[in-house]
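Data block below; observations after.
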Amino acid sequence: MFKRKRYLSFALATGMLAAQLCNIAPAAVWGAGAAKATVTNVEIGSDVWETPVIPDAAVSIPGVDRTEISLNETKSDGTWKFLYKIPDYTAPDGVPAPTAEKQDFDFSKWASKEWKNIAVPGEALMQGFDVLTNNEYYYQRQITVPQNFAGNRVLLRFDGVYSNARVWINGRHVKTHVGGFTTWDCDLTDYAKPGETVTLTLGVAELYATTKGIWNPEGKCVNNPANATEYAHHDMLGILRDVSLVAVPRDYIARVYVNTDFDAGFTDADLEVTAQLGLVSKKAQLFIELLDGNSVVTSAVANFTASNDGGLTAAKKVTIPVKAPRHWDAEHPNLYTLRTSLLVGGVKKQVNEEKIGFREIHYGGRDGTDVNRVYVNGKEVKLRGTCRHDVSEDLGRSMTREEAYEEAEAYKKANINFIRTSHYPISEHMLDACDELGIYVEQETAVCFQGPWGDVASKYEDFGPQFTEMVERDRNRPSILIWSLGNESNYSKVVSQSGGDAFGDERAYLEDVDRTRPCIFSFPNTGEPDGLKDIYSDHYASVTGGLGSSTMPRLHDEYAHIPCYNLDELQRDVNVRNFWGESVKKAWENIFVSDGALGGALWGGIDDVFYIPEG
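If you're matching positions, the sequence shown starts at -13 in the numbering used here and goes up one per residue.
If you want it as structure tokens, here you go:
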């Protein structure tokens, strides 16, 4: 039973006023589906960690043919090169250390014959390069910035480089990044001019164990928060996801946050669009349209003024009433298009589009709901799920868009409505599939096995960037139901060993930037403090025991591990694997009827098998 309050506010912008401010005709601003909108100034961001800016690639920019250009090359035709040797990092003329004040380096002195062809994206090991941890390996290719990028900023975008990366353009160091499964940018505007061809060099290293290398010269025990080599059982390294060149206007849309707020009967809704712009012009307008197919449902406009310090504008929230929108849930994955257009002096400078869904989550007793249940659009959900990994026969811990959709479609056919992204954020390709097909997602940051059995935890400063990048990129996704702070880690040891309260700060960051979803700490190995989570995580509980909870939802987000490690037993009795389904049946029947049991995720959805070349 819902007991909802509705808050009314005065309309601060109307179609005619907006038209006067934009100096264009009212119909051109509002369109046929115009509605009165409320515009308010809001504070966004957090004092815990800085919120990154990851601007969406535009649909259109005046004068630019293609606003995003793929730099992938999956055929290993020589476009991308790989230096399969470990340079002497101790030599006086060697590559500067990642801690060096100056990191410029002339890579042209390395003989061209030493560079081998490699496909991108894809793990290096799957392509015959037997890499070692803590050492830096180098990718290289030529990049030509299109002439029609002139007048725009040029971003080099990586959607996932595992795990530590350094970027050079013509030997000039541009950026260092830590974290292997999130999207990040390098601003190349001052390094590569339109029409110019430059040499991109990317250094990649995996931090793990005690191997000596340029990232671990003293041979200490080190790791990165993801710990992905640990559970992949091979040395992981490489460009795992897409690489692209992106044009961004000087006046640009820095971020757009979307939230939907239904009325008490879950019939009508408010579409809340919060935006920030980066402006060199003094003033601009953001024109917002909601489309159902090709038809405009409603529209609104907000007016922005450049900041005095040259940074981003103040954030504005535009609240737009929408009559009877179709809901998004796992059974009805109805998607709309949100189109945002940036206008300066009435002229469009940028148009963005993204798919959104009208989906509202209730948890923690909000609006009179039960504290031990989760509701989507007013209806209790039970999560019939599985854990899963990125894995490809050819690419290792890397997947194509086609493989992602094939996997998601298989889940839907198996009556699965939920995936846990163990143990790193999934790609945008997989999220697209979940949004379109209707699959709930527990999006887990790339933190795993941090200090659970006495091994050293990663540095505190390595947790924040990848967590904030995950939330910033993915927060508008209707499929994401839960944020996960990490997997099977020791809370107290991370605090004492990392130099900070990483998990506590992940939670605090979410408190500041996104409380529309619950968060979970996926089965910590020690008792974490109260208030760290909204959902209790349980791994491998007895299938015949009590699986519910009266105080908060209990999610068995890792259970019924498929027989695979008990090799001796499997050799003696092959029917052990056949009988696995019996335990799944018992567990699910118990979960389904247990009060406060939110659901479960099998381990795991697909075989995590790597085809490593011999020799």
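Every residue gets a Cβ at the ideal spot worked out from N, C-alpha and C, and that includes glycine.
Fair warning: this is a prediction, and the values are worked out from it, not measured in the lab.
Task: Leu369 in three-state terms, based on DSSP - done: In the structure shown, the three-state DSSP call for Leu369 is strand.
Open item on the list: For Thr305 and Phe565, what's the separation of their Cα atoms in angstroms?
Closed with: 53 angstroms
Open item on the list: Please return the same chain residues whose Cβ sits closer than 7 angstroms to the Cβ of Ala310, not counting the five positions on each side in sequence.
Closed with: Thr253 and Asp254
- [ ] Let me know if Ala11 comes out buried or exposed under the rule of 16 or more other beta-carbons within 10 Å of its beta-carbon.
- [x] At Ala11 the pLDDT is 34, less than 50, meaning the model places this residue with poor confidence and gives no usable figure here.
- [ ] Count the C-beta pairs between the stretch 143 to 154 and the stretch 167 to 174 that are closer than 8 angstroms, then say yes if the count reaches three, no if not.
- [x] yes
- [ ] Could you name each continuous beta strand (DSSP E) segment of 3 residues or more that falls completely within the stretch 317 to 395, going from the start of the chain to the end?
- [x] If we require 3 residues or more, the beta strand (DSSP E) runs fully inside the stretch 317 to 395 come out as 322 to 330, 333 to 342 and 369 to 373.
- [ ] Tell me whether Val15 is buried or exposed, calling it buried when 16 or more other Cβ atoms sit within 10 Å of its Cβ.
- [x] Note that Val15 scores a pLDDT of 43, beneath 50, so its modelled location is shaky; the value from the coordinates is reported in the next line. Buried is the call here.
Open item on the list: Quick check on the burial criterion: 16 or more other C-beta atoms within 10 angstroms. Buried or exposed for Ile72?
Closed with: exposed
Task: Residues of its chain near Ala43, where Cβ-Cβ distance is below 6 angstroms and the 5 sequence neighbours each way are ignored - done: Thr53, Glu54 and Val232
Task: Bridge partner(s) assigned by DSSP for Ala86 - done: Beta-bridge pairing links Ala86 to no other residue.
- [ ] To the nearest angstrom, report how far apart Ala13 and Val45 are at their CA atoms.
- [x] At Ala13, the pLDDT of 37 sits below 50, so the modelled position is not reliable; the number obtained from the coordinates is stated separately. If you take the alpha carbons of Ala13 and Val45, they lie about 22 angstroms apart.
- [ ] Provide the residue span of the alpha helix (DSSP H) that contains Ala488, from first to last.
- [x] Ala488 to Val499
- [ ] With Glu29 as the anchor, note down where its alpha helix (DSSP H) starts and where it stops.
- [x] Counting along the chain, Glu29 falls outside any alpha helix (DSSP H), and DSSP gives it neither H nor E.
Open item on the list: In this structure, how does DSSP classify Ile402 when only helix, strand and coil are distinguished?
Closed with: Residue state for Ile402 is assigned as coil, using DSSP reduced to three classes.
Open item on the list: Please give me, in chain order, every unbroken run of the beta strand (DSSP E) with length at least 3 that falls completely inside the stretch 127 to 206.
Closed with: 138 to 144, 150 to 155, 158 to 164, 170 to 173 and 183 to 191
TODO: State buried or exposed for Gly450, treating a residue as buried only when at least 16 other CB atoms are found within 10 Å of its CB.
DONE: buried
Task: Beta-carbon proximity list for Glu339, same chain, < 6 angstroms, skipping 5 on both sides - done: Val45, Thr323 and Arg325
Task: Which listed residue (Gly297, Leu276 and Gly296) has its alpha carbon closest to that of Val287 - done: Measuring from the Cα of Val287, the nearest candidate turns out to be Leu276.
TODO: Measuring alpha carbon to alpha carbon, tell me which of Gln452, Ile104 and Ala443 ends up nearest Trp66.
DONE: Ile104
Task: Nearest-angstrom Cα separation, counted from Leu298 out to Gln271 - done: 14 angstroms
Open item on the list: Determine whether the beta carbon atoms of Gly582 and Ser523 lie at a separation below 7 angstroms.
Closed with: Taking the C-beta atoms as reference points, Ser523 is found no nearer than 7 angstroms to Gly582.
Open item on the list: Between which two residues does the alpha helix (DSSP H) holding Asn576 run?
Closed with: Here the alpha helix (DSSP H) through Asn576 covers Trp566 to Val579.
Task: Straight-line Cα distance separating Ile548 from Val560 - done: 13 angstroms
TODO: Using the Cα positions of Asp593 and Pro411, report the straight-line distance between them to the nearest angstrom.
DONE: 18 angstroms
Open item on the list: Using a 10 Å radius around the Cβ and a threshold of 16 neighbouring Cβ atoms, would you call Glu600 buried or exposed?
Closed with: Classification of Glu600: exposed, given that the 10 Å Cβ count is below 16.
TODO: Would you decide whether Glu414 is buried or exposed? Buried here means 16 or more other CB atoms lie within 10 Å of its CB.
DONE: Counting Cβ neighbours within 10 Å, Glu414 comes out buried, since at least 16 surround it.
- [ ] Would you tell me roughly how many angstroms separate the C-alpha atoms of Gln452 and Gly181, rounded to the nearest one?
- [x] 33 angstroms
TODO: Could you spell out the range, first to last residue, of the beta strand (DSSP E) harbouring His542?
DONE: Arg540 to Tyr545
TODO: Could you name the residues of the same chain whose beta carbon sits closer than 7 angstroms to that of Asn245, not counting the 5 residues immediately before and after it, in chain order?
DONE: Glu258 and Thr502
TODO: For Gly437, I'd like the list of residues in its chain whose CB is within less than 7 angstroms of its CB, leaving aside the five on either flank, ordered along the chain.
DONE: Ala443, Ser475, Asn476, Lys479, Val480 and Gln483
Task: Rounded separation between Leu263 and Ser293 - CA only - done: 10 angstroms
Open item on the list: Need the endpoints of the beta strand (DSSP E) that Ala261 sits in, please.
Closed with: Ala255 to Gly264
Open item on the list: Contact criterion: CB-CB distance below 7 angstroms. Does Ser408 meet it with respect to chain B?
Closed with: The chain inventory of the structure shown lacks chain B, comprising one protein chain alone.
Open item on the list: With DSSP as the reference, identify every bridge partner of Phe248, one or two as the case may be.
Closed with: Ala255
- [ ] For Gln436, name the three-state secondary structure that DSSP assigns.
- [x] coil
Task: Coarse secondary structure for Ala214, derived from DSSP in three states - done: helix
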